[in-house]
Amino acid sequence: MLPLRDENPHPPGFKPTVTYALIIINVIVFFIEVAYTGQFFEFTNQSTFSLFYNWGAVPNCVTGASVLNIDFGSGPQSISCPPEPYFSLLSSIFLHGGLMHLGGNMLFLWIFGDNIEQKFGKMKYLGIYLMWGVAAGLIHIAGDTSSVIPAVGASGAISGVLGAYLVIFPRARIQTFLMMGFIWRMMHIKAKWFLPFWLIFQNLLPYFIGGFGIAGDSVAYLAHIGGFVVGLATGYLYKKTHSSEFMYGTRYGYRPDY
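This is the structure:
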């Protein structure tokens, strides 16, 4: 299920400048990675190793280690943790492992981030977005504090966006390209069905079936799940504290587009 856009228009005159800025910053950082590693589609060389261990969130470093003992098949080696490992919880949000990793994350941020920005306000949205990313990173680290594999990517923060979107805009329709074997079709799926499907089939099932935390395809499922749950809680708090926005238009308290 590939989302293409949501049918959830902005108020007249609103521009989601923070969402656009986050996308631009991620793209700029990606091209810095390309210049540093000399790779594009997937970062796998020694330069990537150095980059991710200095700026990615390494659980063992964040939880207090100063030196990592690693062996990825070429023999054991020791590397030092960065002097400020907690900063990596922020810096890792803007790093990606390759073009597809970046493209998938930015597609979801572009589709779902603008409406959350409009609801929360620009500066609050920026702060909460970064908070979602840090919280997702901490939840990922809690799943295996001894892991020496760096976690990178905006997906934890974007999972927070998705969780909040589900609570605030459950009735918004998502234009989705569905691929099931030989069946390819365009569908319009409400967020209350699309986003739980994404959580269950792309995160919960792989997490429990594929081997907790980071499974065979090197996806930090626990960060996605944790970010989504924190986003749900944030969306719920927003809805409780802004109940007047959701209490007019129908007898049951919801506007038709919610």
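The numbers in the sequence shown follow the UniProt record's numbering, run straight up by one, and end at 258.
Even for Gly, the Cβ is constructed at its ideal location relative to N, Cα and C.
Because the structure is a prediction, the values reported are computed rather than measured.
| Check | Outcome |
| --- | --- |
| Coil, strand or helix - Leu2 by DSSP | strand |
| Pro206 vs Lys190 beta-carbon contact at 8 Å | no |
| Beta-bridge pairing of Ser78 - partner residues as DSSP gives them | Asn69 |
| Proximity below 8 Å, CB of Tyr236 to CB of Val167 | yes |
| Alpha carbon of Ala215 to alpha carbon of Gly13, nearest angstrom | With a pLDDT of 45 at Ala215, under the threshold of 50, the predicted position of this residue should be treated as unreliable, though the coordinate-derived value follows. Distance between the alpha carbons of Ala215 and Gly13: 44 Å. |
| Own chain residues within Cβ distance below 7 Å of Tyr53, not counting five before or after | Ile79 and Pro150 |
| Rounded straight-line distance, which links the Cα of Ile70 to that of Val148 | 7 Å |
| Alpha carbon of Ala164 to alpha carbon of Gly75, nearest angstrom | 44 Å |
| Under the three-state DSSP convention, the category Gly98 falls into | strand |
| Length of the line joining the Cα atoms of Met100 and Met106 | 10 Å |
| Proximal residues to Ile111 (C-beta, below 7 Å), its chain only, five neighbours per side dropped | Pro3, Arg5 and Asp6 |
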